[in-house]
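When the letters of the sequence shown are read in order and numbered with numbering that gives the first Met the number 0, they come out as residues 0 to 95.
Glycine included, C-beta positions come from ideal geometry on N, C-alpha and C.
Please read these numbers as outputs of a predicted model, since none were measured by experiment.
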Amino acid sequence: MTVADESLNFSPLEQVCALVEAAPATAAPLVFYGLIKGMAAELETRGNPVALSRLRLLDAEQRALVYGLMELHAQGANRRPEWVACVARMDRAVGG
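As structure tokens, this is what we get:
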């Protein structure tokens, strides 16, 4: 079940996108990038390829962003244009 479009808060996604764009070759942004790439709609039936142990590389504030991303994913936001646009921005930043 998804929540109505107007109730989606894309703030965690935007924050992560900005972190990746600011420092695309550093540890935490790359963990975020891998998590978000693993949340792609087309991968939902195969599972997330990023090991949860990678969360240990993040501090508590960064993990809070991950929890926000997980909530967005649970609400189906990974199928929305805002999500796709942010992934494209991160792809450009990382060189993917």
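Residue i to residue j span [Cα, whole Å]
| i | j | result |
| --- | --- | --- |
| S52 | Q61 | 14 Å |
| E41 | T25 | 26 Å |
| A3 | D58 | For A3, the predicted structure reports a pLDDT of 48, less than 50, and the residue's modelled location is therefore unreliable. The matter cannot be settled from this model. |
| C16 | A39 | 15 Å |
| R55 | H72 | 21 Å |
| D90 | S6 | 27 Å |
| V65 | R79 | 18 Å |
| M69 | C85 | 15 Å |
| N77 | E13 | 13 Å |
| V83 | I35 | 10 Å |
Helix, strand or coil at residue i [DSSP, three-state]
| i | result |
| --- | --- |
| R79 | coil |
| L56 | helix |
| A84 | helix |
| L12 | helix |
| M38 | coil |
Contacting residues, own chain, Cβ-Cβ under 6 Å from residue i (five flanking each side not counted)
| i | result |
| --- | --- |
| P23 | A92, V93 |
| E81 | F9 |
Contacts around residue i, its chain only, beta-carbon distance under 7 Å, and the 5 residues preceding and following it disregarded
| i | result |
| --- | --- |
| V19 | P28, F31, Y32, M89, A92, V93 |
| P11 | L64, G67, L68, L71 |
Cβ shell of residue i (< 8 Å), same chain only, five flanking positions each side left out
| i | result |
| --- | --- |
| A21 | P28 |
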